[in-house]
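Going by the working numbering, the residue at position 89 of the sequence shown is 90; the numbering climbs one at a time, nothing skipped.
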Amino acid sequence: MDLSSINPILLVASIMVSATPILLAALGELVVEKSGVLNLGVEGMMITGAVVGFAIAVNTGSPLVGFVAAAVAGAALSLAFGLLTQFLLSNQVATGLGLTLVGLGLSSLIGKPYEGIKSPTLPKLDLGPLSDLPIVGRMLFSHDIMVYVSLALVVATWAFLKFTRAGLILRAVGESHDSAHALGYKVVRIRLLAILFGGACAGLGGAYLSLVRVPQWTEGMTAGAGWIALALVVFASWRAGRVLIGAYLFGGVTVLQLNLQAAGADVPVALLSASPYLVTILVLVVISAVGKHGAPASLGRPFHAAS
């Protein structure tokens with residue numbers, strides 16, 4: 002095994018790209034769960050965003066328009082989930098799983114004509130002197146705009162939940178929707194807005210996969226990224242900063258196993274490929290054993306306006 006072939010500068014740069022789609026989806030799900038809703042349909046919304054964003058980008062020639070379309074598609078799919086769970090009071094777990102199945106089937110149908118086509122992709126941002134800095138310039142300041150949008154979204158989500166009145170209301174709904182309703186807050190409306198935001202973020206994460214990370218459409222290309230995003234919210238104890246750490250840890254393991262394969266590591270390829278998912282499961286088991294939680298008290302509980 003030749004470890005000298007692994008360039009640490011390119012490794013860090015690749016980690017930032019690899020972590021971005023999961024980070025976007027996990028931040029959206031964090032806000033959804035903070036409102037007391039459990040949406041297991043992240044995988045379906047991500048892959049729908051991936052195929053819609055790809056199709057629109059190919060037909061318009063603009064990846065930015067593709068990202069906007071992906072966000073709209075993810076939000077539209079999440080709206081169906083919101084209507085079913087908040088108005089018809091369907092089971093959130095079952096509805097979320099159904100949403101994933103719908104997303105997978107819909108993406109397969111839409112994406113069939115686009116297989117084998119290369120999409121336009123986002124250019125690297127020119128950050129002037131920052132991009133020219135030795136070592137850190139290539140590591141941190143030579144990425145496309147969505148990498149920096151995802152980082153800005155971490156800060157914005159943290160500040161929104163911690164310092165704004167709207168964030169406080171959202172958290173109050175997640176902790177006790179009955180108390181929030183008694184105080185006059187529109188629980189269903191607040192949860193629907195959170196669900197739409199989560200769907201849009203998942204759509205953006207999916208579009209990043211098909212337009213930047215692998216600029217082509219491949220059926221099932223999310224490969225469980227939505228489930229990893231769900232796990233990261235638990236790993237992060239429902240905190241935005243920890244979601245960032247978790248996403249970059251997962252991205253690091255993913256990129257590292259690819260580099261180890263290229264370096265000729267004497268480890269079965271199947272085991273290396275499975276390592277990011279095995280690490281995620283291991284972390285969740287450890288968290289469950291320690292017993293430290295931060296889940297909203299009303300998470301997954303339906304709200305009855307008459308209650």
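Heads up, the beta-carbon is just placed ideally off N, CA and C, and yes, glycines get one too.
The beta carbon of V148 is closer than 8 Å to those of M17, V18, T21 in its chain, skipping five residues each way along the sequence. In this structure the region 223-233 does not touch the region 127-146; the number of beta carbon pairs closer than 8 Å is below three. E116 sits in a strand when the DSSP states are folded into three classes. With respect to the 9 Å criterion, A58 and S120 are classified as neighbours on the basis of their beta carbons. Excluding its 5 nearest sequence neighbours in each direction, I191 has C-beta neighbours in its own chain below 7 Å: S36, I170, L171, V174, listed in chain order. It is roughly 16 Å from the alpha-carbon of G62 to the alpha-carbon of A51.
Across the structure, A275 and L128 are spaced so that their CA atoms are roughly 36 Å apart. The secondary-structure analysis by DSSP pairs W218 across a beta bridge with E116. Residue state for A275 is assigned as helix, using DSSP reduced to three classes.
Excluding residues up to 5 positions away in sequence, A298, S299 lie with their Cβ nearer than 7 Å to the Cβ of S177 in the same chain.
Residues of the same chain with a CB within less than 8 Å of the CB of I10, apart from the 5 flanking positions on each side, are I136, R139, M140 in chain order. Non-local C-beta neighbours of T158 in its own chain, meaning closer than 6 Å and more than five positions away in sequence, comprise L28, A241, ordered along the chain. With contacts defined as CB atoms closer than 9 Å, G67 and L212 qualify as a contacting pair. In the DSSP assignment, N60 falls within the alpha helix (DSSP H) that extends over 43-61. The beta carbon of L162 is closer than 6 Å to those of G168 in its chain, skipping five residues each way along the sequence.
For T281, the secondary structure class from DSSP, reduced to helix, strand or coil, is helix. Annotation for P124: no alpha helix (DSSP H) segment contains it, and DSSP assigns it neither H nor E. By the C-beta density criterion, A160 is exposed, having fewer than 16 other C-beta atoms within 10 angstroms. Membership of H178 in the alpha helix (DSSP H) is indicated by the continuous run 178-183. Contact check for L102 against F82 fails: the beta carbons are separated by 9 Å or more.
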